Amino acid sequence: MKEKFCKFLPISIFVWMQFREQFLNFLKYEKRYSDHTVTAYEKDLDQFICFGNEMVEDFSLIEVDHHLIRQWVISLMNEGMSVTSVKRKTSTLRSLYKFLVREGVVKKNPTILVMIPKSGKKLPQFVQEKEMDLLLDTSFFSNDFTGLRDKAVLSFFYGTGTRLSELKGVKLSDLNLREQQVKVLGKRNKERLIPFPSEISTDLNHYMTIRNELFGDSSCYLFLTDKGEPAYDKLLYRIVRKYLGMVTNMEKRSPHVLRHSYATHLLNRGADLNAIKELLGHASLAATQVYTHTTFEKLKKIYNQSHPRA
């Protein structure tokens with residue numbers, strides 16, 4: 008959408024030019040914003056002044072109230088502008104009026120009373136169960152060190168829901184194959200125990216056998232590179248992206264997608280939300296509740312496809 012600009016009325020030019028340079032210098036030198044950001048702020052303010060001149064006779068930035076700003080927000084939304092862009096533009100106004108209050112030009116910041124519509128939450132992307140079954144049950148993996156490690160990595164990600172940083176940090180001493188559980192160090196250095204199914208034990212046993220033959224106890228970390236060094240972020244990301252590309256055409260194919268898949272599939276099969284929260288290591292239930300939206304979207308899709316009156 009193209010932004011509309013207009014010729015400012017003389018009073019607007021006079022008022023704006025009085026503090027324009029001061030405000031832009033404030034952004035550049037005190038807030039240390041980039042030239043690109045400062046230019047964007049300037050364009051946003053020009054657009055608002057244009058709107059004000061169209062709506063109010065003898066428009067002045069100093070006399071703006073929250074009603075006019077709300078009208079501007081509504082007009083932007085009606086023109087099809089995204090919530091993110093509208094938030095950015097109102098943030099520009101908020102910065103301007105905070106500056107003007109600080110300089111004693113105005114007494115109150117009129118943007119305080121303006122509420123911006125919330126943007127819809129992005130639902131987490133996940134791989135379908137049948138696609139994960141196809142990947143882990145089919146012979147995509149070679150029987151050498153690389154193939155066995157790659158399968159163990161994917162199996163571990165999907166079977167435990169760990170973050171990339173957590174999987175990378177798992178040490179041999181953290182793994183208990185007999186009890187089928189692993190200790191991971193999560194965010195804020197919080198440890199948690201995660202159980203895993205026997206299938207992961209099988210994949211890990213196959214990998215551990217060849218790992219120990221090649222590298223012995225040269226490293227305390229579970230997952231290693233082909234040279235016996237601790238696995239690093241880019242390697243693990245490449246492994247996931249490569250193999251997920253064999254079973255799905257999703258653009259986003261990352262370790263976090265496997266974490267989302269783990270949580271979504273557990274919830275779809277009846278797992279308790281609080282239990283999933285503990286397994287994922289979330290600090291609050293609010294972070295876990297996003298998966299209920301995912302499953303609800305699935306239910307709506309099934310309803311629309313199946314109900315005779317849908």
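Per the numbering used here: the sequence shown = residues 8 to 317.
C-beta: ideal position from N, C-alpha, C; glycine also.
These numbers were taken from a predicted model, which means no experiment stands behind them.
Coarse secondary structure for residue i, derived from DSSP in three states
i    : result
R185 : coil
I56  : helix
V90  : helix
Y239 : coil
Y269 : helix
K259 : coil
T299 : helix
Y228 : strand
R27  : helix
K158 : helix
K178 : strand
S19  : Unreliable positioning characterises S19 in this predicted model, as indicated by a pLDDT of 46, which lies under 50. The coordinate reading is nonetheless provided below. Helix.
T167 : helix
N32  : helix
K249 : helix
S172 : helix
M8   : Its pLDDT being 45, under 50, M8 is placed unreliably in this model, and the value from its coordinates should be taken loosely. Three-state DSSP puts M8 in coil, outside helix and strand.
V45  : helix
Y40  : coil
A278 : coil
A51  : A small fix is needed here, since residue 51 is Asp in this sequence, not Ala. Looking at D51 - three-state DSSP - the assignment turns out to be helix.
A293 : helix
K284 : helix
V264 : helix
F66  : coil
Burial state of residue i (16 or more Cβ within 10 Å)
i    : result
Y298 : buried
K197 : exposed
R156 : buried
R260 : buried
E136 : exposed
Y36  : exposed
I2   : For the chain, the structure presents residues 8 to 317; residue 2 sits outside this window and is missing.
V1   : Lying before the first or after the last residue shown, residue 1 is absent from the chain, which here runs from 8 to 317.
R266 : buried
S162 : buried
N150 : exposed
V160 : buried
E61  : exposed
L287 : buried
T271 : buried
D279 : exposed
E236 : exposed
T295 : buried
V247 : buried
E64  : exposed
L292 : exposed
G223 : exposed
G59  : buried
D42  : exposed
V108 : exposed
Among the options, the one whose alpha carbon lies nearest that of residue i
i    : options                   : result
V45  : G59, I56, F30 and Q132    : F30
G193 : R27, K175 and E206        : K175
E206 : E220, Q188, F230 and N219 : Q188
Y239 : S226, L171, R77 and A159  : L171
M139 : Q296, N256 and I283       : N256
K241 : P262, F58 and V108        : P262
V191 : F147, G168 and S67        : G168
L200 : K284, K94 and L251        : K284
H143 : K38, R77, M253 and T271   : The sequence shown places Leu at residue 143, rather than the His named in the question. Closest option to L143, Cα to Cα, is M253.
F152 : T295, V177, G87 and E220  : E220
R195 : A290, N32, G87 and G223   : A290
F203 : S92, S226, Y269 and N281  : Y269
I56  : A282, Q78 and V108        : Q78
E28  : T91, S67, M88 and F106    : F106
S226 : Y250, K178 and E186       : K178
L130 : G166, V264 and Y165       : V264
K38  : E86, G87 and L103         : L103
G166 : G223, E186, S208 and Q132 : S208
E110 : R276, F26, N281 and K94   : F26
Next item on the list: Could you tell me whether the segment 43-54 touches the segment 94-101, using the rule of 3 or more Cβ pairs below 8 Å?
Entry: yes
Checklist line | Length at least 3, wholly inside the segment 187-214: the beta strand (DSSP E) runs in chain order | finding: 188-192 and 198-202
Check: Okay, do the segment 207-217 and the segment 177-185 touch, 3+ Cβ pairs below 8 Å being the bar?
Finding: yes
Notebook entry, point to check: What runs of the beta strand (DSSP E), each 3 residues or longer, lie entirely inside the segment 69-155?
Noted result: none
Item checked: Touching by the beta-carbon criterion (3+ pairs, under 8 Å), the segment 143-159 and the segment 216-234 -> yes
Next item on the list: Count the C-beta pairs between the segment 116-124 and the segment 72-88 that are closer than 8 Å, then say yes if the count reaches three, no if not.
Entry: yes
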